[in-house]
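As structure tokens, the structure follows; a few thoughts come after it.
Protein chains: 2
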Amino acid sequence: MTMTEKARLIAVAKGDQPADLILANGRVVNTFTGEVLSGNVAICGDRIAGVGDYHEAKQTLDFSGKYLSPGFIDGHVHLESSMLDVGQYARAVVSRGTSAIVTDLHEIANVCGMEGMRYVLDCVRKLPIDLFLMAPSCVPATHLETSGASISPEDVRQILRWREAIGLGEVMNFPGVINGDATVLRKIALSQGKIIDGHAPGVRGKDLSAYIAAGIGSDHESIVLEEAREKLQKGMFVMIREGSSEKNLEALLPLVTDNTYKRCFFVIDDRSAYDLLHDGDIDAVVRRAIKLGLEPVRAVQMATINAAEYFRLGGLGAIAPSYFANILALDDLENLSVNTVFYRGRMVAREGKPLFPLPQVDNGAVTGTVNMKPITPKKLIMPATSTELPVIEVVPGQIVTRKRYLKVSTADGQVISDTERDILKLAVAERHHATGNLGLGMVTGFGLKKGALASSVAHDSHNIVAVGTSDEDILAAIQEIERLQGGLTAVAEGQVLASLSLPIAGLLSDEPLEAVVAQLDKLEQKASELGVRLPSPFATLSFLALPVIPELKLTDLGLVDVIEFRLIS
Amino acid sequence: MTMTEKARLIAVAKGDQPADLILANGRVVNTFTGEVLSGNVAICGDRIAGVGDYHEAKQTLDFSGKYLSPGFIDGHVHLESSMLDVGQYARAVVSRGTSAIVTDLHEIANVCGMEGMRYVLDCVRKLPIDLFLMAPSCVPATHLETSGASISPEDVRQILRWREAIGLGEVMNFPGVINGDATVLRKIALSQGKIIDGHAPGVRGKDLSAYIAAGIGSDHESIVLEEAREKLQKGMFVMIREGSSEKNLEALLPLVTDNTYKRCFFVIDDRSAYDLLHDGDIDAVVRRAIKLGLEPVRAVQMATINAAEYFRLGGLGAIAPSYFANILALDDLENLSVNTVFYRGRMVAREGKPLFPLPQVDNGAVTGTVNMKPITPKKLIMPATSTELPVIEVVPGQIVTRKRYLKVSTADGQVISDTERDILKLAVAERHHATGNLGLGMVTGFGLKKGALASSVAHDSHNIVAVGTSDEDILAAIQEIERLQGGLTAVAEGQVLASLSLPIAGLLSDEPLEAVVAQLDKLEQKASELGVRLPSPFATLSFLALPVIPELKLTDLGLVDVIEFRLIS
Numbered sequence: 001m002t003m004t005e006k007a008r009l010i011a012v013a014k015g016d017q018p019a020d021l022i023l024a025n026g027r028v029v030n031t032f033t034g035e036v037l038s039g040n041v042a043i044c045g046d047r048i049a050g051v052g053d054y055h056e057a058k059q060t061l062d063f064s065g066k067y068l069s070p071g072f073i074d075g076h077v078h079l080e081s082s083m084l085d086v087g088q089y090a091r092a093v094v095s096r097g098t099s100a101i102v103t104d105l106h107e108i109a110n111v112c113g114m115e116g117m118r119y120v121l122d123c124v125r126k127l128p129i130d131l132f133l134m135a136p137s138c139v140p141a142t143h144l145e146t147s148g149a150s151i152s153p154e155d156v157r158q159i160l161r162w163r164e165a166i167g168l169g170e171v172m173n174f175p176g177v178i179n180g181d182a183t184v185l186r187k188i189a190l191s192q193g194k195i196i197d198g199h200a201p202g203v204r205g206k207d208l209s210a211y212i213a214a215g216i217g218s219d220h221e222s223i224v225l226e227e228a229r230e231k232l233q234k235g236m237f238v239m240i241r242e243g244s245s246e247k248n249l250e251a252l253l254p255l256v257t258d259n260t261y262k263r264c265f266f267v268i269d270d271r272s273a274y275d276l277l278h279d280g281d282i283d284a285v286v287r288r289a290i291k292l293g294l295e296p297v298r299a300v301q302m303a304t305i306n307a308a309e310y311f312r313l314g315g316l317g318a319i320a321p322s323y324f325a326n327i328l329a330l331d332d333l334e335n336l337s338v339n340t341v342f343y344r345g346r347m348v349a350r351e352g353k354p355l356f357p358l359p360q361v362d363n364g365a366v367t368g369t370v371n372m373k374p375i376t377p378k379k380l381i382m383p384a385t386s387t388e389l390p391v392i393e394v395v396p397g398q399i400v401t402r403k404r405y406l407k408v409s410t411a412d413g414q415v416i417s418d419t420e421r422d423i424l425k426l427a428v429a430e431r432h433h434a435t436g437n438l439g440l441g442m443v444t445g446f447g448l449k450k451g452a453l454a455s456s457v458a459h460d461s462h463n464i465v466a467v468g469t470s471d472e473d474i475l476a477a478i479q480e481i482e483r484l485q486g487g488l489t490a491v492a493e494g495q496v497l498a499s500l501s502l503p504i505a506g507l508l509s510d511e512p513l514e515a516v517v518a519q520l521d522k523l524e525q526k527a528s529e530l531g532v533r534l535p536s537p538f539a540t541l542s543f544l545a546l547p548v549i550p551e552l553k554l555t556d557l558g559l560v561d562v563i564e565f566r567l568i569s
Numbered sequence: 001m002t003m004t005e006k007a008r009l010i011a012v013a014k015g016d017q018p019a020d021l022i023l024a025n026g027r028v029v030n031t032f033t034g035e036v037l038s039g040n041v042a043i044c045g046d047r048i049a050g051v052g053d054y055h056e057a058k059q060t061l062d063f064s065g066k067y068l069s070p071g072f073i074d075g076h077v078h079l080e081s082s083m084l085d086v087g088q089y090a091r092a093v094v095s096r097g098t099s100a101i102v103t104d105l106h107e108i109a110n111v112c113g114m115e116g117m118r119y120v121l122d123c124v125r126k127l128p129i130d131l132f133l134m135a136p137s138c139v140p141a142t143h144l145e146t147s148g149a150s151i152s153p154e155d156v157r158q159i160l161r162w163r164e165a166i167g168l169g170e171v172m173n174f175p176g177v178i179n180g181d182a183t184v185l186r187k188i189a190l191s192q193g194k195i196i197d198g199h200a201p202g203v204r205g206k207d208l209s210a211y212i213a214a215g216i217g218s219d220h221e222s223i224v225l226e227e228a229r230e231k232l233q234k235g236m237f238v239m240i241r242e243g244s245s246e247k248n249l250e251a252l253l254p255l256v257t258d259n260t261y262k263r264c265f266f267v268i269d270d271r272s273a274y275d276l277l278h279d280g281d282i283d284a285v286v287r288r289a290i291k292l293g294l295e296p297v298r299a300v301q302m303a304t305i306n307a308a309e310y311f312r313l314g315g316l317g318a319i320a321p322s323y324f325a326n327i328l329a330l331d332d333l334e335n336l337s338v339n340t341v342f343y344r345g346r347m348v349a350r351e352g353k354p355l356f357p358l359p360q361v362d363n364g365a366v367t368g369t370v371n372m373k374p375i376t377p378k379k380l381i382m383p384a385t386s387t388e389l390p391v392i393e394v395v396p397g398q399i400v401t402r403k404r405y406l407k408v409s410t411a412d413g414q415v416i417s418d419t420e421r422d423i424l425k426l427a428v429a430e431r432h433h434a435t436g437n438l439g440l441g442m443v444t445g446f447g448l449k450k451g452a453l454a455s456s457v458a459h460d461s462h463n464i465v466a467v468g469t470s471d472e473d474i475l476a477a478i479q480e481i482e483r484l485q486g487g488l489t490a491v492a493e494g495q496v497l498a499s500l501s502l503p504i505a506g507l508l509s510d511e512p513l514e515a516v517v518a519q520l521d522k523l524e525q526k527a528s529e530l531g532v533r534l535p536s537p538f539a540t541l542s543f544l545a546l547p548v549i550p551e552l553k554l555t556d557l558g559l560v561d562v563i564e565f566r567l568i569s
């Protein structure tokens with residue numbers, strides 16, 4: 001803010017000059033005190049001048065009967081999980097009341113490196129939403145996989161100078177931290193004095209103390225109450241995650257009490273386009289929390305000021321003098337229907353419809369990213385070295401998996417998919433550098449009876465992950481993804497049944513929200529016709545290659561025992 | 001922390017290496033969750049590695065039956081008000097459990113400018129206490145007085161680069177802020193993104209919104225509950241002050257609820273050596289808050305983590321991994337008797353006794369600061385222009401005064417002190433630049449029946465303030481202060497009855513706490529013998545020259561109507 005703007009803001013607050021805009025007669029949610037108070041909100045430029053007895057303005061909008069809330073803050077999200085290009089993502093979430101997101105962009109960074117991050121930032125700068133950047137700490141997530149790009153300590157140092165940067169993104173390499181790995185400690189040291197986010201699924205006791213002692217301030221990976229409680233007691237801020245694949249709200253909500261709520265807030269982590277369209281974004285989490293019994297104003301606090309305080313986001317999270325005029329008009333505080341959205345004093349959505357255009361940004365640097373060595377059928381063969389193998393067991397609704405030792409079916413000395421017992425072949429094909437790497441393993445829980453599914457969304461390295469009932473269909477599915485230069489597909493008997501093209505980094509569509517959801521619907525319907533019983537099979541598939549989430553995962557280099565943090569030879 | 005130190009801290013936390021020190025068997029106050037938990041505290045160097053099942057250490061101290069609390073933080077204090085040199089101040093407060101103070105050093109800055117501030121910082125760097133510096137925003141406090149030095153916007157810019165600096169000190173020039181004064185707005189603009197403290201006694205409504213809109217984040221001047229509540233609602237952190245002259249705890253404690261307590265914390269502002277010796281520092285405020293009904297752990301939170309969060313003091317305010325090992329062992333949580341004090345892992349006080357030496361710092365730049373033009377008796381004459389004059393009315397226990405219009409006594413065409421009706425002459429003599437400025441006015445509330453009192457502690461410009469029953473004794477008192485090169489005195493019939501020499505900036509003694517208190521005792525006893533009925537007459541006297549506290553004050557330039565923020569001609 002210039003000195004002139006500041007002087008005008010003060011004059012408007014004092015009542016000496018008319019406001020630019022007054023939001024009149026609303027019931028204002030006070031996130032400082034947990035009250036709902038009456039008062040007109042006077043806005044000057046992009047800021048709030050005051051709440052109270054203000055009546056003179058260039059424009060006055062009446063919000064009688066409505067509640068006014070600060071814009072929501074999503075404290076940890078991978079917007080790439082929506083599979084929407086940045087502008088379409090913004091149209092989806094802004095109309096739901098999300099005014100700010102905190103993200104490390106590590107999905108696109110794993111594919112395109114800092115060029116990918118710059119593409120997203122270039123888009124967001126033209127959109128009515130704030131993006132606060134955490135420098136990605138773990139690109140690649142581990143040394144147990146091949147990513148498209150890597151982010152070194154020197155890159156972290158450079159990213160931390162970017163204007164959106166506020167800290168270091170989720171330090172997923174918790175074994176590295178706990179064991180004093182020099183590279184990850186170097187990235188943490190570079191971020192000293194800034195926010196450093198954690199990612200420590202199941203880490204407890206002295207290991208957790210060691211992880212926190214490194215300087216890590218938050219965690220979003222607790223799935224059981226006692227784990228979250230311990231993290232809180234040891235000083236972490238607890239992000240309560242409610243995404244599409246990871247739903248922790250119900251389990252963790254009992255953690256939220258008068259004594260603890262200020263150190264807890266809501267995050268999305270990963271949410272599908274389908275859920276964004278049909279359920280919502282952070283608004284959906286607030287709504288669900290209220291349904292589960294959380295006091296509505298407190299739920300709003302956990303979606304606004306609590307995150308702003310943890311991340312030190314000046315001017316966000318409240319409706320008060322000097323705060324940005326990011327304001328939601330809500331029809332009520334139970335169903336939390338977002339009626340109107342203001343961003344920096346401008347109306348940017350009304351009744352669910354975004355009121356802003358898509359940004360025009362050159363995407364040349366983030367397209368054409370699939371670069372593969374041709375896969376021969378022979379590469380998909382798994383020799384039957386043992387009749388009992390470690391098998392990845394899917395846990396519905398979670399991104400953690402279980403490591404099971406199961407008897408597998410064999411034929412001709414090869415391990416084969418067993419549709420009867422639902423033990424299917426899983427493949428991860430490297431797709432960035434044409435190395436020809438191909439990891440193979442077995443998974444249970446998909447229920448696929450024929451055909452194959454494949455995806456270039458495969459956290460975090462985003463190689464191509466495929467599950468199938470036959471090698472032929474697995475191969476056909478991988479080849480379809482290569483042809484599309486990224487996407488999702490369902491095939492059977494060598495025929496493509498449905499696809500979604502994701503030309504931007506192999507992660508994002510260039511089509512509107514509704515079209516993406518329609519194609520996903522068709523894909524899931526086809527998957528269902530092929531026998532899949534999981535609610536979001538492509539989301540589940542996309543996390544099977546993420547070797548920082550316990551217990552057993554598959555990368556292009558092979559099966560990873562996440563607990564032991566090593567490849568299973 | 002170096003990478004090597006960090007790696008060792010992590011190893012100790014993990015249990016792979018022995019700690020340097022274990023505090024065993026204490027009951028640990030968890031300021032994150034408001035609980036008291038058991039666990040051994042493992043310390044590595046100056047940090048806490050973890051709390052839990054730790055047993056191997058170079059040294060183990062048993063604290064069975066004791067509570068362990070984080071060191072206390074005083075979020076707003078003018079340590080100069082203790083009249084103790086920096087080392088003696090630290091010995092007094094560290095043994096009471098204060099591990100960190102936030103101060104703008106504006107008392108010594110008003111006398112000696114940045115040289116004075118550097119002197120204090122040089123001392124503190126050798127002491128077991130943290131000093132977080134707020135750049136003084138208002139030196140001089142107003143244009144209505146003559147100070148020894150001034151701090152310009154350019155000086156603020158420079159101070160903000162000092163390693164202790166975290167923000168801008170209490171912006172006392174609230175009329176300037178509200179009216180868009182360019183100099184004060186410039187200082188605020190220079191501090192953007194840092195902490196900016198307020199000082200807005202009685203400011204409410206749109207004026208308060210304007211003040212906050214300028215970017216100011218806290219206030220410590222509320223004396224009534226509704227004022228503090230409004231400040232909280234508008235987004236300020238409310239510092240609840242309990243000093244020697246300003247006692248707001250009882251009035252403001254009802255503000256502290258489950259919904260609000262995180263945005264409230266305790267501060268001292270000004271506390272006398274007497275109170276430090278006999279009552280304590282922040283520990284005394286916590287003790288009193290508990291006696292008034294505040295839950296003990298919450299009281300500790302308000303003396304520790306809440307301030308740390310507002311000021312973003314990394315590593316302070318909790319006993320948890322990576323936090324500094326600033327730990328108090330308390331005998332109990334009701335009387336809050338501080339048994340042992342650790343600062344950065346070292347024991348620095350035990351059973352009220354400091355265990356560290358005084359720093360040796362050259363004080364040449366901050367002594368010999370009284371520089372006066374000789375005062376003739378004629379200068380003390382007040383011509384009787386009117387029989388009814390504005391009179392300063394002292395409000396016992398507060399630093400605010402009332403402006404009363406009272407009939408004054410006259411003789412020979414001159415206004416004179418009236419001991420019967422307790423309307424006495426008050427003088428403020430400029431003492432920095434030998435200008436010969438002398439302000440005169442009348443005050444009621446002292447009760448002095450004979451003689452005069454004078455002080456070179458006279459907030460904030462620290463000229464010489466004197467109250468007396470005759471011009472002769474006022475003059476004698478002022479001359480005694482000049483002779484001492486700063487101090488306090490009580491005189492009668494031209495004879496000095498008692499004095500306290502304050503050679504450092506005219507503000508601080510060079511003697512130990514107990515000697516200062518003994519001399520103050522004698523001064524107050526003499527004042528009492530002269531008829532004074534106020535509990536702390538020299539403290540009261542010292543605030544009568546502070547033209548940022550309503551309603552009526554006296555400076556070397558004359559009477560100041562604080563509400564109208566102008567000199568009364």
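First to last, the protein sequences are chains A and B.
Just so you know, the working numbering puts 208 at position 208 of the first sequence, and the rest follows in order with no gaps.
Just so you know, the working numbering puts 37 at position 37 of the second sequence, and the rest follows in order with no gaps.
Yeah, the Cβ is synthetic: ideal placement off N, Cα and C, and Gly gets one too.
Bear in mind the structure is a predicted one, so any value in this text is a computation, not a measurement.
{"Query": "Near-chain B residues of the stretch 170-192 of chain A (beta-carbon distance less than 9 Å), N- to C-terminal order", "Result": "Val177, Ile178, Asn179, Gly180, Ala182, Leu185, Arg186, Ile188, Ala189, Gln192"}
{"Query": "Proximity test, Cβ basis, 8 Å: threonine 410/A and chain B", "Result": "no"}
{"Query": "Within-8 Å CB hit, phenylalanine 32/B to chain A", "Result": "yes"}
{"Query": "Interface residues of chain B facing proline 153/A [CB-CB closer than 9 Å]", "Result": "Those do not exist, as proline 153/A stays about 11 Å from chain B at its closest Cβ, beyond 9 Å."}
{"Query": "Cysteine 264/A - DSSP class collapsed to helix/strand/coil", "Result": "strand"}
{"Query": "Neighbour flag for proline 296/B against chain A, beta carbons, 8 Å", "Result": "no"}
{"Query": "Sheet register partners of glutamine 158/A (DSSP bridge)", "Result": "According to DSSP, which records beta bridges pairwise, glutamine 158/A is partnered with nothing at all."}
{"Query": "Chain B contacts from the stretch 259-278 of chain A (Cβ-Cβ distance under 8 Å)", "Result": "Asn259, Thr260, Lys262, Arg263"}
{"Query": "Near-chain A residues of the stretch 224-245 of chain B - C-beta to any C-beta below 7 Å", "Result": "Leu232, Gln233, Lys234, Gly235"}
{"Query": "Neighbour-count burial assignment, serine 99/B, 16 or more Cβ in a 10 Å radius", "Result": "buried"}
{"Query": "Interface flag, glutamine 209/B vs chain A, CB-CB below 8 Å", "Result": "Note on identity: in this sequence residue 209/B is serine, with glutamine being the wrong assignment. Interface residue, yes."}
{"Query": "Assigned exposure category for isoleucine 570/A - 16 Cβ within 10 Å defines buried", "Result": "Any answer about residue 570/A is impossible in this case: the structure gives chain A only from 1 up to 569."}
{"Query": "Bridge partner(s) assigned by DSSP for glutamine 301/B", "Result": "Glutamine 301/B pairs with nothing; no bridge assigned."}
{"Query": "Delimiting residues of the alpha helix (DSSP H) encompassing aspartate 331/B", "Result": "Here aspartate 331/B belongs to no alpha helix (DSSP H), and DSSP marks it neither H nor E."}
{"Query": "Cβ-Cβ separation, asparagine 30/B to glutamine 233/A (assumed contact under 8 Å), whole Å", "Result": "6 Å"}
{"Query": "Proximal chain A residues relative to serine 322/B, where beta-carbon distance stays under 8 Å", "Result": "Ile212, Ala213, Ala214, Gly215, Gly235"}
{"Query": "Beta carbon proximity, lysine 403/B to chain A, threshold 8 Å", "Result": "no"}
{"Query": "Nonlocal neighbours in the same chain, by C-beta distance under 7 Å from isoleucine 178/A, ignoring five residues either side", "Result": "Asp207, Ala210, Tyr211"}
{"Query": "Under 8 Å by beta carbon: chain A residues contacting methionine 3/B", "Result": "Ala182, Leu185, Arg186, Ala189"}
{"Query": "Cβ of leucine 37/B within 8 Å of any chain A Cβ", "Result": "yes"}
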